[in-house]
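Residue numbers (my numbering), protein chains in the order written: chain R, 1 to 193; chain G, 194 to 386. Everything on this sheet refers to the single structure shown next.
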DNA sequence: CTAGGACATTGAACTAGGACAAGAAAAACA
DNA sequence: TGTTTTTCTTGTCCTAGTTCAATGTCCTAG
């Protein structure tokens, strides 16, 4: 049960088995059915989720009421607001919702503090985790600015081959920043070749 | 000399004066003229810079040879590769260049490790710093996807009023992900109203 | 003080992608 | 099983933004 999350957290920092025991003892396991809202805009996000199984999306709603998907999180990925809502006590601007039946491990700020107090080296692991998401987000920003819709879609399917099967197309369109109709046109064009 | 960086680092975590002394003793001061390349694509980024004075840009070069500016860093901001090049030992994909004569404090991985060893609570401060950049980058991704060029430009000038004076327009265009010509057209249209 | 380069502006022609509408297909559900 | 809701496709028209080229402006080095 803990193997997935343990191999994730030890990817860049190694921990002793007693440290991992502390870590595991502080995790809360949760099962959540699909189409469940985990976080609504305006709430304060007080959790960090590790996805054991299933799929989650995190999204904003823009000025015209359109959803913009920022992140899909599938097996072995972390999701949370990751803006500064916890530290500055500001309400979140994002929504987080399950797309499939999910299994999670959940962290909240208190258990995280407890973890850092009992095993300070986790502070480092979480900093590196953060750094990874920053790198990913930055790469995505670059792709979004510099590539055409077709290129972005190809890139997406290459990078997340399973996801493009599991998730409705209009979600993918929203992630890529294009309309669902145009994505459909891209797909038919690609299929013809 | 140290007031800027000290007030930056104590913004979310408070430190004793002895901790700050350790911190300051590990900083390297540097002056660099404008148009200096600090990092080239393909190199491994082994520094983190705090800008005391001046302006720096960080950018990718896309598949067609066009520059895409990811970040401007001015007074009191941090810049580094922030992708994972240090940890995975991969060459960087970004360029970092000064746009004005600059004054910096520089950190490299070794001094940072030394800092964490001598004053472990800095690990936390750097994690929060990381988290802030992630939040900023994510907000920017959202804006990039969901807003028109005009809106993005207005947002930019509102958020960075000094920067839009200090920096050449085609850099701003590159940051916003639009062509320099179109930015010029937006500006003349806005001036007429 | 001047020549060369970088930067900005403007216009004309073009295109990637959006908005809307309507139908087809596929899931979900009872 | 049929029915309802959600998702996907396709076509037509439209616009935001690009590309290319020409001209103008302003630094800055010599």
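The beta carbon of each residue, even a glycine, is placed where N, CA and C say it ideally should be. As the structure is a computational prediction, the values presented were derived from the model and not from experiment.
Practice task
Decide if residue 130 (chain R) is buried, meaning its Cβ has at least 16 other Cβ atoms within 10 Å, or exposed.
Solution key: buried
Practice task
Give a yes or no on whether the C-beta atoms belonging to residue 385 (chain G) and residue 369 (chain G) are separated by under 8 Å.
Solution key: no
Exercise for the section: Answer with buried or exposed for residue 291 (chain G), where buried requires no fewer than 16 other C-beta atoms within 10 angstroms of its C-beta. Expected result: buried
Handout entry: When G:283, G:270, G:381 are compared against residue 244 (chain G), the one with the closest alpha-carbon
Key = G:270
Exercise for the section: Note down, in chain order, all residues in the region 144-162 of chain R with a beta-carbon under 7 Å from any beta-carbon belonging to chain G. Expected result: 144, 145, 146
Problem - Residues that DSSP places opposite residue 291 (chain G) in a beta bridge - result: G:249
Practice task
Return the chain-ordered list of same chain residues with a C-beta closer than 6 Å to the C-beta of residue 231 (chain G), the five sequence neighbours on each side being excluded.
Solution key: 289
Practice task
Keeping to the same chain, check which residues put their C-beta closer than 7 Å to that of residue 143 (chain R); ignore five residues upstream and five downstream.
Solution key: 152, 155
Exercise for the section: Determine, using beta-carbon pairs with one atom in the region 167-186 of chain R and one in the region 202-209 of chain G, whether at least three such pairs fall under 8 Å. Expected result: no
Practice task
Please list the residues of the region 118-138 of chain R that have a C-beta atom closer than 8 Å to any C-beta atom in chain G, keeping them in chain order.
Solution key: 120, 123, 124, 126, 127, 128, 130, 131, 132, 133, 134, 135, 137, 138
Exercise for the section: At 8 Å on the CB atoms, spell out the chain G contacts of residue 177 (chain R), in chain order. Expected result: 337, 338, 339
Exercise for the section: Compare the C-beta of residue 259 (chain G) against all C-beta atoms of chain R and say whether one is closer than 8 Å. Expected result: yes
Practice task
In the DSSP assignment, find the unbroken alpha helix (DSSP H) run with residue 328 (chain G) in it and report its ends.
Solution key: 314-339
Practice task
Flag residue 60 (chain R) as yes if its beta-carbon sits less than 8 Å from any beta-carbon of chain G, otherwise no.
Solution key: yes
Handout entry: residue 235 (chain G) vs residue 302 (chain G) beta-carbon contact at 8 Å
Key = no
Handout entry: Span of the beta strand (DSSP E) around residue 233 (chain G)
Key = Neither: residue 233 (chain G) is in no beta strand (DSSP E) and is coded neither H nor E.
Practice task
Compute the Euclidean distance between the alpha carbons of residue 296 (chain G) and residue 21 (chain R), then round it to the nearest angstrom.
Solution key: 46 Å
Problem - Residue nearest to residue 134 (chain G) in terms of C-alpha spacing, selected from G:275, G:306, G:246, G:313 - result: Residue numbering for chain G in the displayed model covers 194 to 386; residue 134 (chain G) lies beyond these limits and cannot be assessed.
Exercise for the section: Go through its chain and collect everything with a Cβ distance to residue 40 (chain R)'s Cβ below 7 Å, but skip five positions before and after it. Expected result: 95
Handout entry: As assigned by DSSP and simplified to three states, the class of residue 49 (chain R)
Key = strand
Problem - Contacting residues, own chain, Cβ-Cβ under 8 Å from residue 254 (chain G) (five flanking each side not counted) - result: 234, 260, 261, 288
Exercise for the section: Give the residues of chain G in contact with residue 140 (chain R), contact being defined as C-beta atoms less than 8 Å apart. Expected result: 334
Problem - Coil, strand or helix - residue 266 (chain G) by DSSP - result: strand
Practice task
Indicate, with yes or no, if the ligand FMN has a heavy atom lying under 7 Å from the CB of residue 242 (chain G).
Solution key: This structure lacks the ligand FMN, and indeed carries no ligand of any kind.
Practice task
Answer with buried or exposed for residue 316 (chain G), where buried requires no fewer than 16 other C-beta atoms within 10 angstroms of its C-beta.
Solution key: buried
Exercise for the section: Return no unless some Cβ of chain G is closer than 8 Å to the Cβ of residue 70 (chain R). Expected result: yes
Handout entry: Buried or exposed (CB count within 10 angstroms, at least 16 for buried), residue 276 (chain G)
Key = buried
Handout entry: Closer than 8 Å to chain R by CB, residue 276 (chain G)
Key = yes
Problem - Assigned exposure category for residue 5 (chain R) - 16 Cβ within 10 Å defines buried - result: buried
Handout entry: Simplified DSSP assignment, three categories, for residue 221 (chain G)
Key = strand
Problem - Assigned secondary structure, residue 15 (chain R) (DSSP; H/G/I helix, E/B strand, else coil) - result: coil
Exercise for the section: Tell me, please, which residues DSSP counts as bridged to residue 67 (chain R). Expected result: R:61
Handout entry: Assumed close pair residue 221 (chain G), residue 298 (chain G) - CB separation to whole angstroms, cut-off 8 Å
Key = 7 Å
Practice task
Would you mind stating whether residue 334 (chain G) and residue 70 (chain R) have Cβ atoms separated by less than 8 Å?
Solution key: yes
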